[in-house]
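One structure below.
Protein chains: 2
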Amino acid sequence: MVLKAPQDSSIIPTQWYNIIPDLPENLPPPILPNGQVAGPEILEEIFPRELVRQEVSSERYIKIPDEILQNYAQAGRPTPLIRARNLEIALKTSARIFFKYEGVLPAGSHKFNTAVAQAYYNMREGVDRLCTETGAGQWGSALSLAGSLFGIKIRVYMVRASYNQKPLRRILMETYGAEVHPSPSSLTRVGRKYLEENPNHPGSLGIAISEAIEDVLSSNGTAKYSLGSVLNHVLLHQTVIGMEALKQLESIGIGVEEVSHVVGCVGGGSNFAGLSYPFIQYKLSGRANTVFIAVEPKAVPSMTMGEYKYDYGDSAGLTPMLKMHTLGHDYVPPPIHAGGLRYHGVAPTLSVLVKNGIVNPIAYSQREVFEAGVLFARTQGIVPAPESAHAVKAVIDIARRYTKGYEKPVILFNLSGHGLLDLAGYSEYLNGRLQDT
Amino acid sequence: MVLKAPQDSSIIPTQWYNIIPDLPENLPPPILPNGQVAGPEILEEIFPRELVRQEVSSERYIKIPDEILQNYAQAGRPTPLIRARNLEIALKTSARIFFKYEGVLPAGSHKFNTAVAQAYYNMREGVDRLCTETGAGQWGSALSLAGSLFGIKIRVYMVRASYNQKPLRRILMETYGAEVHPSPSSLTRVGRKYLEENPNHPGSLGIAISEAIEDVLSSNGTAKYSLGSVLNHVLLHQTVIGMEALKQLESIGIGVEEVSHVVGCVGGGSNFAGLSYPFIQYKLSGRANTVFIAVEPKAVPSMTMGEYKYDYGDSAGLTPMLKMHTLGHDYVPPPIHAGGLRYHGVAPTLSVLVKNGIVNPIAYSQREVFEAGVLFARTQGIVPAPESAHAVKAVIDIARRYTKGYEKPVILFNLSGHGLLDLAGYSEYLNGRLQDT
Numbered sequence: 001m002v003l004k005a006p007q008d009s010s011i012i013p014t015q016w017y018n019i020i021p022d023l024p025e026n027l028p029p030p031i032l033p034n035g036q037v038a039g040p041e042i043l044e045e046i047f048p049r050e051l052v053r054q055e056v057s058s059e060r061y062i063k064i065p066d067e068i069l070q071n072y073a074q075a076g077r078p079t080p081l082i083r084a085r086n087l088e089i090a091l092k093t094s095a096r097i098f099f100k101y102e103g104v105l106p107a108g109s110h111k112f113n114t115a116v117a118q119a120y121y122n123m124r125e126g127v128d129r130l131c132t133e134t135g136a137g138q139w140g141s142a143l144s145l146a147g148s149l150f151g152i153k154i155r156v157y158m159v160r161a162s163y164n165q166k167p168l169r170r171i172l173m174e175t176y177g178a179e180v181h182p183s184p185s186s187l188t189r190v191g192r193k194y195l196e197e198n199p200n201h202p203g204s205l206g207i208a209i210s211e212a213i214e215d216v217l218s219s220n221g222t223a224k225y226s227l228g229s230v231l232n233h234v235l236l237h238q239t240v241i242g243m244e245a246l247k248q249l250e251s252i253g254i255g256v257e258e259v260s261h262v263v264g265c266v267g268g269g270s271n272f273a274g275l276s277y278p279f280i281q282y283k284l285s286g287r288a289n290t291v292f293i294a295v296e297p298k299a300v301p302s303m304t305m306g307e308y309k310y311d312y313g314d315s316a317g318l319t320p321m322l323k324m325h326t327l328g329h330d331y332v333p334p335p336i337h338a339g340g341l342r343y344h345g346v347a348p349t350l351s352v353l354v355k356n357g358i359v360n361p362i363a364y365s366q367r368e369v370f371e372a373g374v375l376f377a378r379t380q381g382i383v384p385a386p387e388s389a390h391a392v393k394a395v396i397d398i399a400r401r402y403t404k405g406y407e408k409p410v411i412l413f414n415l416s417g418h419g420l421l422d423l424a425g426y427s428e429y430l431n432g433r434l435q436d437t
Numbered sequence: 001m002v003l004k005a006p007q008d009s010s011i012i013p014t015q016w017y018n019i020i021p022d023l024p025e026n027l028p029p030p031i032l033p034n035g036q037v038a039g040p041e042i043l044e045e046i047f048p049r050e051l052v053r054q055e056v057s058s059e060r061y062i063k064i065p066d067e068i069l070q071n072y073a074q075a076g077r078p079t080p081l082i083r084a085r086n087l088e089i090a091l092k093t094s095a096r097i098f099f100k101y102e103g104v105l106p107a108g109s110h111k112f113n114t115a116v117a118q119a120y121y122n123m124r125e126g127v128d129r130l131c132t133e134t135g136a137g138q139w140g141s142a143l144s145l146a147g148s149l150f151g152i153k154i155r156v157y158m159v160r161a162s163y164n165q166k167p168l169r170r171i172l173m174e175t176y177g178a179e180v181h182p183s184p185s186s187l188t189r190v191g192r193k194y195l196e197e198n199p200n201h202p203g204s205l206g207i208a209i210s211e212a213i214e215d216v217l218s219s220n221g222t223a224k225y226s227l228g229s230v231l232n233h234v235l236l237h238q239t240v241i242g243m244e245a246l247k248q249l250e251s252i253g254i255g256v257e258e259v260s261h262v263v264g265c266v267g268g269g270s271n272f273a274g275l276s277y278p279f280i281q282y283k284l285s286g287r288a289n290t291v292f293i294a295v296e297p298k299a300v301p302s303m304t305m306g307e308y309k310y311d312y313g314d315s316a317g318l319t320p321m322l323k324m325h326t327l328g329h330d331y332v333p334p335p336i337h338a339g340g341l342r343y344h345g346v347a348p349t350l351s352v353l354v355k356n357g358i359v360n361p362i363a364y365s366q367r368e369v370f371e372a373g374v375l376f377a378r379t380q381g382i383v384p385a386p387e388s389a390h391a392v393k394a395v396i397d398i399a400r401r402y403t404k405g406y407e408k409p410v411i412l413f414n415l416s417g418h419g420l421l422d423l424a425g426y427s428e429y430l431n432g433r434l435q436d437t
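Given below as structure tokens:
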């Protein structure tokens with residue numbers, strides 16, 4: 001029995017997969033508050049030209065530059081595809097459970113895949129400094145590293161609640177050479193407004209995005225903005241995960257038509273899209289009948305309870321409006337440990353897939369998610385990030401349905417990151433102090 | 001240029017390499033305080049029979065059981081062999097720097113390689129419970145996980161200073177289901193003695209070992225003891241690292257005779273031995289002329305300043321005496337961040353190799369080690385554990401000697417673990433608060 005698929009450099013794909021031309025309906029474009037389409041020239045105020053080109057591209061495949069491929073390899077791509085045999089035994093399931101483990105990447109999550117691409121294109125266009133936001137810090141630390149690799153200064157607006165609760169992720173960003181500010185900060189007009197209302201404002205991802213964008217817009221063109229999820233080009237870069245998984249499964253004799261379920265957690269949608277879109281391509285073309293499960297927290301139920309409509313990406317309304325499942329741009333999610341899932345909306349492409357019934361959303365509460373994370377740690381050894389533990393919980397529920405030896409469905413999920421810097425949440429769970437919000 | 005060697009399951013070795021028959025002189029046996037040789041029957045009071053057999057074996061190769069191989073694969077073996085190209089460029093060196101990255105293993109270090117083997121053999125012999133000690137917690141967390149995999153209860157005596165300073169590693173052990181006590185504890189006579197002297201005693205590895213052994217000796221045979229380094233069988237299990245590296249280098253066209261330097265840090269010696277012994281075999285048989293560098297902290301200079309003599313492995317003198325380079329079993333190392341290197345002695349086999357000039361020891365102070373760790377993080381993305389950063393520092397010094405394009409020596413080192421749970425030390429370094437002790 002093969003427990004780990006090969007990881008040759010030849011498995012790293014040389015192209016990203018763009019799902020836009022394969023979507024069942026046209027993707028609604030971003031618009032301005034007056035209803036006009038926000039064209040590339042608007043997006044280029046905050047993003048470099050090549051990323052805007054990718055954002056609006058309708059090419060199915062986009063070549064990955066050699067410099068990015070080299071950094072993928074240096075960072076440990078291809079990542080492992082592992083069969084969770086110990087978990088299968090613990091669950092007494094006849095299903096075969098496989099996971100793609102992105103936590104081996106530096107900074108501990110899949111976020112590096114797009115961070116390195118974004119830093120590369122910004123470097124190519126002479127950008128000095130990148131501004132971004134971060135919640136729990138997975139994205140901020142990945143971009144801090146990518147900035148160090150390509151000689152770009154990184155300024156991170158970190159949601160104040162996380163800044164105080166997760167000092168280690170802040171130190172990690174500083175170790176990579178980045179500048180980290182708690183948000184709301186006094187550096188921006190938006191930040192000062194929130195601080196006036198409440199000097200101890202805990203912040204939110206939406207506010208931190210507003211601050212980063214204001215910083216860029218007032219930089220006289222020396223700084224650009226970088227986002228860790230939601231947008232088309234970000235999800236595009238993550239498709240290396242699924243393309244590798246397809247090749248790795250094939251190399252151990254499992255064809256795409258044998259994959260019964262693909263599962264991932266959803267904040268903005270990038271790790272879910274990264275694994276699933278290359279598989280969804282086969283479903284859309286009728287070559288596979290896979291079920292796609294997108295898992296979100298009950299505390300932030302964008303897909304299961306949100307409305308599909310145009311909304312801003314940030315709290316202050318500085319971004320163009322995107323058509324997506326949203327809880328409203330002024331929604332402040334409760335302080336669950338899965339900080340990376342505390343976002344009011346989801347990616348427009350993912351919203352189209354949910355609307356068309358191609359992706360099935362499901363929501364779990366915090367305690368059952370940590371329970372699943374502990375079972376995974378004790379059987380497979382890896383402590384999942386609280387975000388990724390949402391996917392683990394769904395996989396466990398699916399796998400438990402299969403107990404007959406002749407039913408051997410292949411369940412594949414994305415273990416998008418490890419939870420070594422989130423152990424405080426595990427401690428609360430183990431001590432019975434974790435609340436469902 | 002190949003930046004990452006293949007990681008097929010076929011690269012995992014099926015045998016461990018035992019260096020004892022190849023040593024340049026006979027290994028002095030463990031003895032009792034009265035000078036008599038401590039035979040297998042003495043060791044079996046605290047270790048299971050099969051591990052004692054391995055401890056005294058003179059077979060060159062020992063078969064790895066299938067159950068252990070399966071757990072190696074599940075945990076992500078073979079681990080990556082990566083060329084540190086970004087570091088090479090930063091150093092302007094013409095040398096080729098490769099590292100074996102053990103931090104991808106669950107619990108974040110090489111310690112899993114022997115933890116899973118030890119738990120397996122104890123399970124086979126019906127052991128209910130294992131006791132061990134841990135400093136920074138790398139070893140304790142690896143054994144906690146292995147205990148969970150094989151259904152064995154784990155009790156860890158954790159050096160009190162680390163227990164208080166590194167709560168996340170304690171939580172990690174508890175997440176894996178282990179019981180963790182600060183040492184000195186009130187559970188043992190030894191512990192109570194130290195607590196009487198000083199109720200806030202910071203503890204030491206030597207004291208924690210004494211407590212774990214006393215616990216086992218008073219358990220009526222239901223518990224056994226487990227050690228994370230120093231002993232022959234522990235180093236044996238780690239040789240999977242070097243055997244994989246040999247195959248991975250060969251697969252990218254680099255023969256063993258091309259390897260000019262092999263580098264590792266040394267606490268008890270297990271990660272150093274794990275990578276280097278399979279290469280030393282070629283040096284001892286005259287087929288390669290590699291230089292072997294063993295790096296220790298200036299604060300705990302066992303190899304560079306210690307005496308080669310018989311000494312106890314623990315503070316209270318409960319273990320047999322081992323012939324080794326030692327600073328004295330009552331030496332209490334200063335509280336450097338590299339907790340895993342705070343041990344008074346080194347492995348007897350490594351001591352023989354140092355004495356015979358086959359391995360060259362070198363010592364560094366704390367600040368220069370963290371400086372090297374930060375450079376590595378900013379170029380390669382991985383934040384090294386403070387222990388592993390000692391090896392990084394030595395590699396940087398070696399590589400800087402080669403600047404001419406026609407000199408392309410291959411420098412190989414063991415990045416034995418990541419430092420994500422040691423970021424407090426990096427923060428002190430970045431803020432200029434780190435002291436050389």
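Going down the list, the sequences are from chains A and B.
Going letter by letter, the first sequence gives residues 1 to 437 in this note's numbering.
Going letter by letter, the second sequence gives residues 1 to 437 in this note's numbering.
Using N, Cα and C, we set each Cβ at its ideal position, and we do this for glycine too.
In this structure K100 (chain A) is buried. Its beta-carbon is surrounded by 16 or more other beta-carbon atoms within 10 angstroms. Between A389 (chain A) and G417 (chain A) a beta carbon distance of about 10 Å is seen, past the 8 Å cut, so the two are scored as non-contacting.
Two segments are said to touch when three or more pairs of C-beta atoms, one from each, lie closer than 8 Å; by this definition the region 202-209 of chain B does not touch the region 18-34 of chain B.
The CB of G76 (chain A) comes closer than 8 Å to the CB of K4, P80, I82, Y101 and V104 in chain B, given here in chain order. If you ignore the 5 residues before and after L149 (chain B), its C-beta comes within less than 7 Å of the C-beta of N71, V116 and A119, all in its own chain and listed in chain order. By the CB criterion at 9 Å, I171 (chain A) and L172 (chain B) fall outside the cutoff.
Taking the C-beta atoms as reference points, L353 (chain A) is found nearer than 9 Å to P24 (chain A). Between the alpha carbons of P33 (chain A) and V410 (chain B) lies a distance of about 59 Å. Under the DSSP assignment, P297 (chain B) falls in the beta strand (DSSP E) whose first and last residues are V291 to P297.
Between K283 (chain B) and I358 (chain B) a beta carbon distance of about 7 Å is seen, short of the 8 Å cut, so the two are scored as contacting. Beta-bridge partners of M158 (chain A) (DSSP): A:T134 and A:P182. At least one beta carbon of chain A lies nearer than 9 Å to the beta carbon of R378 (chain B). Within the same chain, D128 and R129 come within 7 Å of T222 (chain A) by CB-CB distance, once the 5 residues on both sides are set aside. A residue is called buried when at least 16 other Cβ atoms come within 10 angstroms of its Cβ; S285 (chain B) does not meet this threshold and is exposed.
Within the region 173-184 of chain A, contact with chain B at the beta-carbon level (separation under 8 Å) is assigned to E174, T175, Y176 and G177. At a cut-off of 9 Å between C-beta atoms, Y426 (chain B) counts as an interface residue with respect to chain A. Within 8 Å of the CB of R85 (chain A), the CB atoms of chain B belong to Q70 and Q74, in sequence order along the chain.
T326 (chain A): member of the beta strand (DSSP E) spanning M321 to T326, first to last residue. Under the 9 Å criterion on CB atoms, D128 (chain A) is classed as non-interfacial with respect to chain B. Distance between H261 (chain B) and N414 (chain B), taken at the CA atoms: about 11 Å. Between the region 364-379 of chain B and the region 43-61 of chain B, the count of Cβ pairs shorter than 8 Å is below three; the stretches do not touch.
Our two residues, S351 (chain B) and S276 (chain A), have alpha carbons roughly 53 Å apart in a direct line. Per DSSP, Y17 (chain A) is one residue of the beta strand (DSSP E) stretching across Q15 to Y17. Under the DSSP definition of a beta bridge, Y61 (chain A) partners with A:Y17.
At a cut-off of 9 Å between beta carbons, S9 (chain B) contacts chain A. With the rule of 3 Cβ pairs closer than 8 Å, the region 55-75 of chain B does not count as touching the region 246-260 of chain B. Under the 10 Å beta carbon count, M305 (chain A) is surrounded by fewer than 16 other beta carbons and is classified as exposed. Proximity of G108 (chain B) to chain A, defined by a Cβ-Cβ separation below 9 Å, is satisfied. Residue pairing by DSSP places V37 (chain A) opposite A:I31 in a beta bridge.
Closest in alpha carbon position to I89 (chain A), among A:S186, A:L145, A:G419 and A:Y402, is A:Y402. Residues of the region 399-427 of chain A with a C-beta atom less than 8 Å from some C-beta of chain B are L420, L421, L423, A424, Y426 and S427, listed in chain order. Residue state for D311 (chain A) is assigned as strand, using DSSP reduced to three classes. The beta carbon of G135 (chain B) lies closer than 7 Å to those of V159, S162, L205, G339, G340 and R342 in the same chain, with the five residues before and after it left out. At a cut-off of 9 Å between C-beta atoms, V383 (chain B) counts as an interface residue with respect to chain A. Neighbourhood of I171 (chain B) in chain A, by CB distance below 7 Å: L423, Y426 and S427, in chain order.
Against V374 (chain A), the close residues of chain B are T175, in the order they occur along the chain (beta-carbon pairs closer than 7 Å).
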